[in-house]
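Protein chains in written order, with my numbering: chain W, 1 to 420; chain A, 421 to 840; chain Y, 841 to 1260; chain R, 1261 to 1680.
Using N, Cα and C, we set each Cβ at its ideal position, and we do this for glycine too.
Written below as structure tokens is the structure these notes are about.
Number of protein chains: 4
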Amino acid sequence: MVAEGLAEAGERRIGWAARAMPVLTALGERFAGERPFDGLRIAACLHVTAETAVLLGALRAGGAEIALAASNPLSTQDDVAAALETYGIAVHARAGVDRGTYYRHIHQALDISPNIVLDDGCDLVNILHTERVELLDTVAGGCEETTTGIIRLRQMASENALRFPVVAVNDTRTKRMFDNRYGTGQSTLDGIMRATNVLLAGRTVVVAGFGFCGRGVAERARGLGARVIVTEIDPVKALDATLQGYEVQPMGRAAEIGDVFVTVTGNRDVIRAEHLAAMKDGVILANAGHFDVEIDVRALEEAATAVRFGIRPNTDEYVMADGRRLLLLSEGRLVNLTAAEGHPAAVMDMSFSAQALAVAWLARSTWLAEESVRLPPGVHDVPAEIDAEVARLKLAAADVEIDTLTDAQERYLHSWRLGS
Amino acid sequence: MVAEGLAEAGERRIGWAARAMPVLTALGERFAGERPFDGLRIAACLHVTAETAVLLGALRAGGAEIALAASNPLSTQDDVAAALETYGIAVHARAGVDRGTYYRHIHQALDISPNIVLDDGCDLVNILHTERVELLDTVAGGCEETTTGIIRLRQMASENALRFPVVAVNDTRTKRMFDNRYGTGQSTLDGIMRATNVLLAGRTVVVAGFGFCGRGVAERARGLGARVIVTEIDPVKALDATLQGYEVQPMGRAAEIGDVFVTVTGNRDVIRAEHLAAMKDGVILANAGHFDVEIDVRALEEAATAVRFGIRPNTDEYVMADGRRLLLLSEGRLVNLTAAEGHPAAVMDMSFSAQALAVAWLARSTWLAEESVRLPPGVHDVPAEIDAEVARLKLAAADVEIDTLTDAQERYLHSWRLGS
Amino acid sequence: MVAEGLAEAGERRIGWAARAMPVLTALGERFAGERPFDGLRIAACLHVTAETAVLLGALRAGGAEIALAASNPLSTQDDVAAALETYGIAVHARAGVDRGTYYRHIHQALDISPNIVLDDGCDLVNILHTERVELLDTVAGGCEETTTGIIRLRQMASENALRFPVVAVNDTRTKRMFDNRYGTGQSTLDGIMRATNVLLAGRTVVVAGFGFCGRGVAERARGLGARVIVTEIDPVKALDATLQGYEVQPMGRAAEIGDVFVTVTGNRDVIRAEHLAAMKDGVILANAGHFDVEIDVRALEEAATAVRFGIRPNTDEYVMADGRRLLLLSEGRLVNLTAAEGHPAAVMDMSFSAQALAVAWLARSTWLAEESVRLPPGVHDVPAEIDAEVARLKLAAADVEIDTLTDAQERYLHSWRLGS
Amino acid sequence: MVAEGLAEAGERRIGWAARAMPVLTALGERFAGERPFDGLRIAACLHVTAETAVLLGALRAGGAEIALAASNPLSTQDDVAAALETYGIAVHARAGVDRGTYYRHIHQALDISPNIVLDDGCDLVNILHTERVELLDTVAGGCEETTTGIIRLRQMASENALRFPVVAVNDTRTKRMFDNRYGTGQSTLDGIMRATNVLLAGRTVVVAGFGFCGRGVAERARGLGARVIVTEIDPVKALDATLQGYEVQPMGRAAEIGDVFVTVTGNRDVIRAEHLAAMKDGVILANAGHFDVEIDVRALEEAATAVRFGIRPNTDEYVMADGRRLLLLSEGRLVNLTAAEGHPAAVMDMSFSAQALAVAWLARSTWLAEESVRLPPGVHDVPAEIDAEVARLKLAAADVEIDTLTDAQERYLHSWRLGS
């Protein structure tokens, strides 16, 4: 009875998300007609959210058998998990489970003996290659959602350790440009505002990392009236930040100036003991990059003489020996997922539509297809045509029309012999 | 026991606000030393929030006896109300009360027989001049917070109906430039995101009204990646909007294009039946201007064939006869107060500090002072020096230094005889 | 023959300006029909530019007899002066004249024995009150264009030295919001780019003064990709700058960081010897505020061991003893007038239309009118209705429509008795 | 004597450019020491500007023998050409030559029998492969500057027609991100302002094409206060534009709305007869994309009943049969090169430094080097390390410091085995 209510709540939540996901909804209808995934088994390790549910619903409509584990126990929406069960999807996820249960859930999802895997951070693929090698033979391919996951996969590939083709869903133009920039940008600031209600106008926001996520966070912080300082390790990105009018400084100096810090580097210990020691009273520390490692929370705990947990929702106050108070949001975990609601559904519509089309492409391009141009093991880009199709459908859903090349233009563009 | 817990929760909330209100905190300490309000009775009709509590705490520290009613039952934070009682302030407010109780609370606050009144929308002053005229003789002056309140007061003054001097706290540069623009700007978008989690990038946001509030909302919507259309009735403001790169259209046309509508005009029926009829499926309707009259909710109710209340927190879905679904936030009430948390404390720090200084100025400039330059009845501007003092304290709190005129510059600026 | 060619060139230039000035053109046609200035003598001390010519043409079409001197010899366009003579206007102006001639020209313009004076910086009014007092009796009123002029006039008025009413054309919302902000903003950056071709993206631009001009310069510098630092003496303006995301610093510190400096304060010696000493090699110094006094050019000359004049058009290089090279634009005079072309005509359309309507209002409101409500001596605001009319005409010219209040809204807005 | 004066003027201009090109200057000094180009013959077809001179000076300092033709006769600075002769470079270029002379100059430059070619638009490489095939055997490699050139080269490569390796200098992150975006962005708006002095605030600017150039133009137009409409043929770019808050429309509709049109597509006939017919009176037409083909000038000529050439510098007015006047800038040629001064030197510093390093890399990676990893014929990316080195030098020149990875971070980033 309670479980039933939970599933209904999840269903309402999924319905809300679906209305902002017209592209994925349309793809689901197409798959339901074409059944491209009949007989296919998919193991997924993804954030268990309403938007993920719309994706899996579309794949399920296309005939796939699916098992799901959570890629982050903090982001699991239990009502959505319950609703997914009613779709006939095996869900191994529950909000707030400990590390051991987290990994056990991944193993359980793998028990489906997948043909295709969907991963978000490379944990499932990692376990597959280390602890569940017996399953590798029947895996035809996979998709990976995140930049950090791709880095790990490329490393595996360069060591010839990766045993099947993986599509770098994260590396589509759609995903990087839209999901990372616009989705992470808005939801990170949203999370900070929900957690602290801080006025951003006039504050100094330090953004660590100027990749697509960092760019999005910097744009939104500036758009809310903040002065933005960027830290980087890559000179090209650093130069780009200066040309966009941002100040660029080493973290050692920015630490003394910032009011709000956001880490989006994909690396660990970006804010370390020496930075914490230099910060002003009342600063806000948030991570929107990678797990909970970007801010050295242990160093914060060691430096603090007292902690007041939950001073606001998702906000803990660490009191330093000298009386300064540092506010850590969401325990250093992804603030946009925990303090806000993650990417708006409209963003996930694009990246998850690309992912749905990538799964269909894998089904056509691996040994799953009878006569295919087989993809070799390794990390593969999403074909540009998938990007274009997603964008085309998205524009159409928003009633935006664009131009098409005339024949003369088509000819001009492609023939070098026409001269100039 | 329960009440005690409520007061503690309120106290924690007030403490959080106070740390973002360094100017008002400093003024409270100054008042505690100087006791400028000893023997003074204040009746206040204000939003019962943590920030208001810091203001009243500062006035109480200066010796005032205070009675408080809520200026809007939807914004009342019951825990803050409980905490205020522990300060020795008489609080007549409870979240969600009906219209009758709302007015009864104002009467109860007036029972203190105030020397000074603090109003937010002119309801308390209105009742004082119509139903409680017996109290007028001992009222030395008042403050009004809102633009709409000031309009009503000026009308009263022009009809010689206003019986005491009122300081237009809303008309300080500090209040208009900062509170309306930056506070309303951020909190309105914050409220819309919390209520709907909509991705603003790429959406068309229609902002009705380009006063300081509208300007703030437009800036933040643009800063979050939206295309912004402004509607106005004042040609100068409309022209200014175009020069800032906004499109300006009549609402009749904007209604067909917008994805999100925000009313901030201070007037009624800005979005009417004919506009509702023209809107797209899925639009979001929010008001951040004036009570609940800017969107004609009755017209919406009449046009709808079904309503699904609470489809998300603070979000009701109205289904039209033709199947279109319109989402009304916060029942058309102030979305920044109800779906978000109102102005960030840092904003209220400025306007409430100006208000605190205005009360001190009233105490020095009315019959309350023994030998004063008495202010006549009417609407009075806040002296520029109060603005400057608030700004000076605020900059100091943020460690921002500015220049001062050299003697030569001072002379140059003021003497026309020096020629050029 | 040569003069004729000059007048033709001026006429072509005026024609170009006129096409971007639809409001003033329409007013000229209205005046030609109504002849409101028949018998009126006007002495004007204005920048002798194509846009001024369109203004004077409109007044002349309305029947006025006009004498014109230049308000700045550097901005005089000799071809426009020649063309104006063909309109029957007495022009006393020539590009690049010395100080003595500059003042002699003003005296010559005054020789017309004006009924109305148009001033830009208060020099003409000043001379009228000190050296030409015999003309004062027949002066009915005047208009002043600039902020600094108004300051001088208010000082005169406070000393009871001002003998006739002057309309503060500069203080219209139209003028401050549009002319100062958008006109000075664009033309200042335009002048800097023409003079130096500097890439502004990634540069640090220091804007001294955050009045309307400074705000415009800061916005455009930021819009071109620069990091902007603001210096101020007014705490309220400084605070506003921080809330718009700008850094605020004292000039002493900004001098060490900036790549480009723009003064727009209306005061003298804003950049002084101690600042020049602290600057980096290669910095650019530009003034868009007031005459040539904001940058202490004498201090620059004294500190330099060598000067290379005209290293680029309007650019002189000062070589310091330590080898640093500082680039002074336009000899410290108004960079937007000298290195660029001053306000775009579209901007002047608004402020000059307000001025034309203000002259008509003076003609109706002083002893010039038979039965008028006479304006007393002193500085007077432009009536709000003039602003509104200009804005209304400007929007119409751009095909922008706005809303009008419904009767219910009109009632709601004005009657406090309706309650809430 | 005259020639001498010309060379001196060119030298002064080059000196001015060089001071904004610290990276290229530093590379020139490095090359002078290492002499990596001793014995190397280079034929270049580039814009003959001061910045190009600094590039060629650096290569010459490194020992190269150089012959130069102009890639566009309209951009040739004759004084710079004269100065380059004094460096010992053979210059075949003169401003404003006709088509025949243009091609003859390219042939003359090829007469040097180059080992390395530098091209800007692929004309030189094209001629080499069609009319001068006898020279191909001794060409080791080349560089191409432009997107359109690269498209032509890739087409050649796909047809196996390209006979040597060409480095796509245009495709460096540095070039696309900085040169195209920031350089073209600023200089295009600069050119429009110099040609017309139009106020951009409040105007509707239509940007055709949202590649890096179009993005830069759109950003600057918005930064100057314009409302920006984007037209595109690529759905992904179109979607990105909407997510950045721009309106996206087909040109057919934008033509009716725009005040200023800028083409940056790299294609022909982007603005055609049907668009010209729909435009408003007084619109401004500018091209910053590709040669003079993006605006169909012939269609404009055919539709016009009269033309007034040079109504302003670089501005011709076409009067349509219905009286509308369309303003064509720079005859439809690159407005940023003709009406302004092309990319600011600071931009060229980056792309030309990449080019200088690419030439050094070609010298090390082709048969020119004794034992090299030979590059095969085809289009090659610039090695990422060249980008990084340019960026590093540029940041250093601007005193900007960035972070470096700690050892722990380095390990974390690269090892997938560490898990998460």
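- W:Thr231: member of the beta strand (DSSP E) spanning 227 to 231, first to last residue.
- The beta-carbon of W:Tyr102 is placed no less than 8 angstroms from the nearest beta-carbon of chain R.
- Approximately 19 angstroms separates the beta-carbon atoms of Y:Thr1024 and A:Val656; this is outside 8 angstroms, ruling out the contact.
- DSSP, reduced to helix, strand and coil, places W:Cys143 within a strand of the structure shown.
- Using a Cβ distance threshold of 8 angstroms, W:Ala286 and W:Phe261 count as a contacting pair.
- Closest in alpha carbon position to R:Trp1627, among R:Asp1556, R:Val1465, R:Val1399, is R:Val1399.
- Under the 8 angstroms criterion on CB atoms, R:Gly1270 is classed as non-interfacial with respect to chain Y.
- Spatial neighbours of W:Phe178 in its own chain (CB-CB distance under 8 angstroms, excluding positions within 5 residues in sequence) are listed in chain order as Val347, Met350, Ser351.
- Using a 10 angstroms sphere on the CB of A:Glu790, the tally of other CB atoms stays under 16, which defines it as exposed.
- In this structure, the alpha-carbon of R:Pro1573 lies about 13 angstroms from that of Y:Glu1181.
- Contact between Y:Arg1034 and Y:Ala890 fails: their C-beta atoms lie close to 18 angstroms from each other, not under 8 angstroms.
- Taking a cut-off of 8 angstroms for Cβ pairs, the stretch 1000 to 1014 of chain Y and the stretch 1031 to 1051 of chain Y do not touch, as fewer than three such pairs fall below it.
- Taking each of R:Val1530, R:Leu1413, R:Leu1306 in turn and checking the Cα distance to R:Glu1554, the smallest one comes out for R:Val1530.
- Where Y:Arg1165 is concerned, there is no enclosing alpha helix (DSSP H), although the beta strand (DSSP E) around it starts and stops at 1165 to 1169.
- For W:Glu34, the enclosing alpha helix (DSSP H) covers residues 22 to 34.
- Runs of alpha helix (DSSP H) with 4 or more residues, each lying fully within the stretch 170 to 216 of chain W, are found at 185 to 196, listed in chain order.
- The stretch 46 to 86 of chain W is shown to contain whole beta strand (DSSP E) runs of 3 or more residues at 65 to 70, in chain order.
- If the five residues before and after R:Ser1335 are omitted, its C-beta is found closer than 6 angstroms to the C-beta atoms of His1307, Leu1597, all from its own chain and listed in chain order.
- By the rule that beta-carbons nearer than 8 angstroms mark a contact, Y:Ala1066 touches chain W.
- Counting every other CB atom within 10 Å of its CB across the protein chains shown gives W:Arg364 a total below 16, marking it as exposed.
- Under the rule that a run must span 3 or more residues, the beta strand (DSSP E) segments found entirely inside the stretch 706 to 734 of chain A read 724 to 732.
- With at least 16 other beta carbons inside 10 angstroms of its own, Y:Arg1112 counts as buried.
- Just measuring C-alpha positions, the residue of R:Leu1370, R:Ala1304, R:Leu1449, R:Arg1558 sitting nearest R:Ala1548 is R:Leu1449.
- Counting only the Cα atoms, W:Gly62 lies some 7 angstroms from W:Glu34.
- Chain-order list of chain A residues neighbouring R:Arg1482: Gly665, by C-beta distance under 7 angstroms.
- Exclusion of the five residues before and after Y:Ala923 leaves Ala847, Gly850, Glu851, Ile854, Ala893 as the residues of its chain whose Cβ lies within less than 7 angstroms of its Cβ.
- Residue state for A:Ala588 is assigned as strand, using DSSP reduced to three classes.
- For W:Leu118, no alpha helix (DSSP H) run applies; the uninterrupted beta strand (DSSP E) run containing it begins and ends at 116 to 119, by DSSP.
- Taking 8 angstroms as the CB threshold, W:Thr231 stays off the interface with chain Y.
- Judged by beta-carbon spacing, W:Val297 lies beyond the 8 angstroms limit of W:Gly258, meaning their Cβ atoms are not closer than that value.
- Within the model, the alpha-carbon separation for W:Gly5 versus W:Ser158 is close to 49 angstroms.
- With at least 16 other beta carbons inside 10 angstroms of its own, R:Glu1405 counts as buried.
- With respect to A:Glu652, A:Val668 sits close: the two C-beta atoms are nearer than 8 angstroms.
- Note: A:Ala463 is bridge-paired with A:Ala487, A:Val537 in the DSSP secondary-structure output.
- For the C-beta of Y:Tyr1022, the chain A residues within less than 7 angstroms are, from N- to C-terminus, Leu663.
- Chain A places no beta carbon closer than 8 angstroms to that of Y:Phe1052, leaving this residue out of the contacts.
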